[in-house]
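As structure tokens, the structure follows; a few thoughts come after it.
There are 2 protein chains.
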Amino acid sequence: MMIQRRTQAERREGTIRKLLDAATETLIDVGYAEASVQRICARAEVSQGALFRHFPTREALMVAVGEDIGAQLLERYRERFEDIPRGDDDLVHAMRLVRDTCRSRLNQAWYELSMAARTHEHLRNGLRPVGRRYHDDIATLARKLLPDAAARLGPTFDVLVGTIIAVFDGEVVHRFVLESPEEDDARLEILTGAVRMLARPT
Amino acid sequence: MMIQRRTQAERREGTIRKLLDAATETLIDVGYAEASVQRICARAEVSQGALFRHFPTREALMVAVGEDIGAQLLERYRERFEDIPRGDDDLVHAMRLVRDTCRSRLNQAWYELSMAARTHEHLRNGLRPVGRRYHDDIATLARKLLPDAAARLGPTFDVLVGTIIAVFDGEVVHRFVLESPEEDDARLEILTGAVRMLARPT
DNA sequence: GAAGATTGCGAGTGGTTGCTATCTATGTTA
DNA sequence: TAACATAGATAGCAACCACTCGCAATCTTC
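So the sequences go chain by chain: A and B.
Residues in the first sequence are numbered consecutively from 12, following our numbering.
Residues in the second sequence are numbered consecutively from 12, following our numbering.
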């Protein structure tokens, strides 16, 4: 039964895409350890043989998932950064954007990979360039959105951006065990105020 | 062959302690998923039957490990907080203490449990009270160490403490994939400056 | 010291794991 | 269209998983 005529490249890309998406969703649902090739393949509606045709090991698939997630998250940032209206409160919007992205579904998969990378050397090595690119690209984007503050702060600006992301990533990790929305909101305000103070000319 | 005369309670406590310590070390070494009962028991030099005599499931053991780690981390904070010399730079010392503790071996095990809690409901429920107590006790300790700032800031002080911890926890998670010591040090300085600014009277 | 309770042991349970080998189906090239 | 390359499916592998069970060792109580 022939459904449709496709080139080899199309077939290949199609199943790889299905596998990456299924792996990402499985990662979000059950975490790295329980994201078995069986589960991923079942979700992708593809056989295990197909998976191992395109990825030599499960870990290699996970590295590819990491690259894919990194690209998607960056794209997400790019789109929403552009949508932020320039003005006095663009910093507030930017802070909210970072927090929302850290809490996004997609980012949960990234946490799973990061954590697994701690104890899995291959994964760590594979994820490192992705992490670096992600880090740098976000700094570039932020400079584009807040050029005045960037110019004023110089290299400190990048550190500040990294710190804001670190705050919200840390917050999310805490939330895995214990949620405290009021404190989170208070933190967002304090943090915004502190950044505004640092970013303003002395 | 009788080695030593011990009460039942001593025997019991002894093997439980061995299991908790072995489980903690195994968590640090291979992560939550690979910390199997086999591995833990081998490390504790105790049979699997002994483990399941004291803990109904592996997850129950992990909750107990979480409680134990929480107590140890708090004790660590308590000791080192007391050692900080009061003076102009006590804030610097406190910040360094928080960062060091976040990077400590013991805290790696806590990250493993926190992350696993995201997808394991029982673990999350068991860890929640531990997390809450840990959170509150640290805030209390910090108020004791920095009474002036605490008085000046009111409830904001607790949020600030939580934020500092969040920064370093987030930093550690980033470091699992990508290390950047220079940025980390720059962040520590900026953060200390910002906190000092916030904590000083306006 | 006998009886009873608690604790520790280790073989065995069914189930899942990542991965391979073999085969068929589909697309490409001559 | 014949020969070949690529892609996908299926069954099966040894290793490991959390957990159970009957028994032996140890401690407590009388």
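In this text, a Cβ means the ideal position worked out from N, Cα and C, and glycines have one as well.
The model shown is predicted, which means the values in this text are computed figures rather than measured ones.
On the three-state DSSP scale, how would you describe His65/B? Here His65/B sits in helix by DSSP.
With 16 other Cβ atoms within 10 Å as the buried cut-off, status of Met12/A: The predicted model places Met12/A with a pLDDT of 35, which falls under 50 and marks its position as unreliable, so this point remains unresolved.
At what residues does the alpha helix (DSSP H) containing His104/A begin and finish? Asp101 to Arg114 is the span of the alpha helix (DSSP H), which, as asked, contains His104/A.
Kindly indicate if chain A contains any beta-carbon less than 9 Å away from that of His133/B. Not one chain A Cβ lies under 9 Å of His133/B.
Just to confirm before moving on: does the CB-CB distance between His65/A and Arg17/A stay below 9 Å? For His65/A and Arg17/A, no; Cβs fall outside 9 Å.
Looking at the structure shown, is Arg16/B part of a helix, part of a strand, or coil, going by DSSP? Secondary structure of Arg16/B (DSSP, three-state): coil.
With H, G and I counted as helix, E and B as strand and the rest as coil, what does DSSP make of Ala46/B? Three-state result, Ala46/B: coil.
Answer yes or no: does any C-beta atom of chain A fall closer than 9 Å to that of Ala75/B? Between Ala75/B and chain A, the shortest Cβ-Cβ separation is not below 9 Å.
Anyone know if the C-beta pair for Ala31/A and Leu72/A falls short of 9 Å? The identity of residue 31/A in the sequence shown is Leu, whereas the question assumes Ala. Taking 9 Å as the cut-off, the beta carbon of Leu31/A is found closer than this to the beta carbon of Leu72/A.
Run of the alpha helix (DSSP H) containing His146/A, from where it starts to where it stops: Secondary structure note for His146/A: its alpha helix (DSSP H) is the uninterrupted segment Glu132 to Leu156.
What does the alpha-carbon distance come out to for the pair Tyr88/A and Ile149/A? Near 8 Å, if we compare the C-alpha coordinates of Ile149/A and Tyr88/A.
Validate contact between the stretch 38-46 of chain B and the stretch 97-115 of chain B using beta carbons, cut 8 Å, 3 pairs: No: the two stretches stay apart, fewer than three of their Cβ pairs being nearer than 8 Å.
Which of the three DSSP states is assigned to Gln59/A in this structure? Three-state result, Gln59/A: helix.
Does the structure place the stretch 169-181 of chain A close enough to the stretch 141-158 of chain B that three or more beta carbon pairs sit under 8 Å? By the C-beta criterion, the stretch 141-158 of chain B is judged not to be in contact with the stretch 169-181 of chain A, since fewer than 3 inter-stretch pairs fall below 8 Å.
Quick one: which chain B residues come within Cβ less than 8 Å of Met208/A? Under the 8 Å cutoff, chain B gives Ala205 and Met208.
Residue of Arg97/B, Val188/B and Arg135/B minimising C-alpha distance to Leu134/A: Checking every option, the nearest Cα to that of Leu134/A belongs to Val188/B.
Straight-line Cα distance separating Leu164/B from Arg211/B: If you take the alpha carbons of Arg211/B and Leu164/B, they lie about 9 Å apart.
Along the stretch 189-202 of chain B, where does the CB come closer than 7 Å to a CB of chain A? Name the residues. So the close ones are Leu189, Glu194, Ala197, Arg198, Ile201 and Leu202.
Which residues in chain A sit within 9 Å of Arg227/B, going by Cβ to Cβ distance? Coverage of chain B is limited to positions 12 through 213, which leaves residue 227/B absent and any answer about it impossible.
Reference Arg107/A; option with closest CA among Arg116/A, Arg139/A and Phe92/A: A check of alpha carbon separations from Arg107/A across Arg116/A, Arg139/A and Phe92/A identifies Phe92/A as the nearest.
Would you please state the rounded distance, in angstroms, between the beta carbons of Gly179/A and Val109/A? I believe it to be under 8 Å. A small correction: the amino acid at residue 179/A is Phe; Gly does not occupy that position in the sequence shown. About 6 Å separates the two Cβ atoms, so the contact holds.
Between which residues of its own chain and Gly137/A is the CB-CB distance below 6 Å, once the five residues before and five after are set aside? Taken in chain order, the residues that qualify are Val74.
Anything in chain B within Cβ reach of Thr130/A, meaning under 8 Å, just list it in chain order. In chain order: Asp40, Val41, Gly42 and Glu45.
Please confirm if Val178/A has its CB atom under 9 Å from at least one CB of chain B. Taking Cβ atoms only, chain B reaches closer than 9 Å to Val178/A, which makes this a yes.
Locate the alpha helix (DSSP H) running through Gly204/B, then write down its first and last residues. Following the DSSP letters along the chain, one finds Gly204/B inside the alpha helix (DSSP H) bounded by residues Pro192 to Ala210.
Does Gln4/A get closer than 9 Å to chain B when you measure Cβ to Cβ? In the structure as shown, chain A begins at 12 and stops at 213. Residue 4/A is therefore absent and cannot be evaluated.
Identify the contact partners of Tyr88/A in chain B, using a Cβ-Cβ distance below 7 Å as the criterion. Neighbours of Tyr88/A on chain B: none; closest Cβ ~16 Å, over 7 Å.
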